[in-house]
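Since the structure comes first, as structure tokens, the remarks are kept for the end.
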Amino acid sequence: MLTVKSDGYPLHSIVPNGAISPVSYTTAMRGPLAAEWDMGLPVGFTHPALEQGALVKVYAGPLCVWSGVMAEPDRNAWHFTADGLHRLGEKFDACFTDASKTIDDAIDAAIGRGLPWTRPFSISTTFTVTSGSISNALDAYCASTGQQWRVTPDGQVLVYDLPTEVDWAISPEVPAMPTADDDYASTLIITYSSGRTSVTDDAAAERWGPREEPVDLSSLGLSASETIGDALLANRKARPAFTDGVEVTRARLTTPGGVPPEFWQVAAGTQRVRHHGTLTSDGAPSLGGLEWVIGATSYTDGAGTIALTPLGRLARTQAEVVAQQAARLAQMEAKTA
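According to our numbering, numbering within the sequence shown proceeds without interruption in unit steps and concludes at 687.
Spelled out as structure tokens, the structure:
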């Protein structure tokens with residue numbers, strides 16, 4: 351059973367005789383994403399650890415597996431939610447009073463102003479940011495290197511490469527995920543710092559037909575732009591994308607050696623799965639199993655299943671499409687700020 355602490359107080363110590371629902375939480379590419387739970391509290395109950403801004407941590411024994419900041423509680427239903435620590439990067443300015451900073455200096459300055467992260471390693475002492483939030487700065491840096499960034503449950507901000515080694519195996523009994531070609535492109539038309547270029551996956555064009563898509567990498571040079579374009583095609587752009595995830599039991603999700611996990615061990619971004627006995631997203635047999643990076647997880651403490659979503663899943667519901675469009679608009683505004 352997982353233990354939830356808020357500002358250091360275990361929830362069961364706040365209401366030792368009260369009802370507390372199992373915590374539900376999600377993880378995403380940037381780390382812990384959201385958590386929620388309910389508590390049986392009397393009308394008018396107050397406690398300093400049950401206030402907006404409290405630091406929420408979820409523990410499996412001594413190990414912190416999720417962390418975030420509490421939102422304003424619903425004091426009628428006593429429903430609690432928390433946002434993952436990486437979300438706070440959206441709330442801190444990368445430059446503050448300076449015209450520009452290196453990304454290391456920008457993060458350190460924000461930490462000094464109250465951002466509850468730590469930076470155990472240098473991200474870059476040369477990449478300069480001139481505007482936007484800390485999250486915008488990290489997005490821009492990772493776009494230039496083809497990497498990802500995340501904030502760990504312990505609050506460490508890190509830059510990492512997508513995993514290439516398999517962490518988990520899914521048995522053939524789990525149905526394959528549906529696919530669609532909404533986001534497919536065989537050629538990327540890239541705008542770079544001093545012109546335009548293109549990269550093409552000829553095999554994809556032959557298999558599904560030619561399709562082009564513009565990509566704005568105007569802050570980069572030719573070589574870096576072509577490298578990132580090739581990486582985009584190789585990773586997931588030049589093939590149909592998955593539109594759904596899978597829900598698996600411990601019996602259907604194991605280490606490559608066959609050992610079932612504790613579900614709190616499964617996290618997005620840094621872990622890769624091999625789905626045995628399925629077709630690839632292009633409809634071809636997957637010899638040895640289809641491999642994909644976990645893009646998101648959703649788990650409720652004590653549940654018999656965990657939901658896994660692959661990296662690059664296409665938006666399908668209206669809410670998802672609206673959120674995706676809003677995110678793209680925010681990225682465009684950050685580039686022109």
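All C-beta atoms, glycine included, are put in the ideal place defined by N, C-alpha and C. Quantities reported herein were computed from a predicted structural model and do not represent experimental measurements.
Around the C-beta of residue i, are 16 or more other C-beta atoms found within 10 angstroms, so that it is buried, or is it exposed?
i: Q498; result: buried
i: I475; result: Just to set this straight, residue 475 is Thr in the shown sequence, not Ile. Exposed, by the Cβ-count rule.
i: Y649; result: buried
i: N367; result: exposed
i: H362; result: exposed
i: T605; result: exposed
i: M351; result: exposed
i: V354; result: buried
i: S356; result: buried
i: R546; result: exposed
How is residue i classed by DSSP in three states: helix, strand or coil?
i: A554; result: helix
i: S494; result: helix
i: W614; result: helix
i: H625; result: strand
i: I484; result: helix
i: D458; result: helix
i: R469; result: coil
i: D489; result: helix
i: E440; result: helix
i: S356; result: strand
Starting from residue i, trace the beta strand (DSSP E) in both directions and tell me its first and last residue.
i: L413; result: L413 to M420
i: L508; result: V507 to Y510
i: T645; result: Looking at the sequence provided, one finds Gly at residue 645 rather than Thr. From DSSP, the beta strand (DSSP E) with G645 extends over L640 to T650.
i: L567; result: No beta strand (DSSP E) contains L567, which DSSP labels as neither H nor E.
Within the same chain, show all residues whose beta-carbon is closer than 6 Å to that of residue i, passing over the 5 residues directly before and after it, in chain order.
i: F430; result: W387 and P423
i: A614; result: A small correction: the amino acid at residue 614 is Trp; Ala does not occupy that position in the sequence shown. Once the five neighbours on either side are set aside, the close Cβ partners of W614 are A410 and V415.
i: K407; result: K355, C414 and S417
i: A581; result: G496
i: D566; result: T541
Looking only at its chain, what residues have a beta carbon closer than 7 Å to the beta carbon of residue i, apart from the 5 residues adjacent to it on each side?
i: A657; result: G595, E597, T647 and S648
i: A618; result: T377, A378, M379, I644, G645, A646 and T647
Would residue i and residue j qualify as a contact pair, given that the criterion is a beta-carbon distance under 8 Å?
i: S494; j: F477; result: yes
i: L435; j: G505; result: yes
i: K451; j: V479; result: yes
i: A487; j: A456; result: yes
i: E562; j: T537; result: yes
What first and last residue would you give for the alpha helix (DSSP H) that runs through residue i?
i: G579; result: L572 to L582
i: G381; result: No alpha helix (DSSP H) contains G381, which is instead part of the beta strand (DSSP E) from G381 to D388.
i: I370; result: That residue, I370, is in no alpha helix (DSSP H); it is neither H nor E in DSSP.
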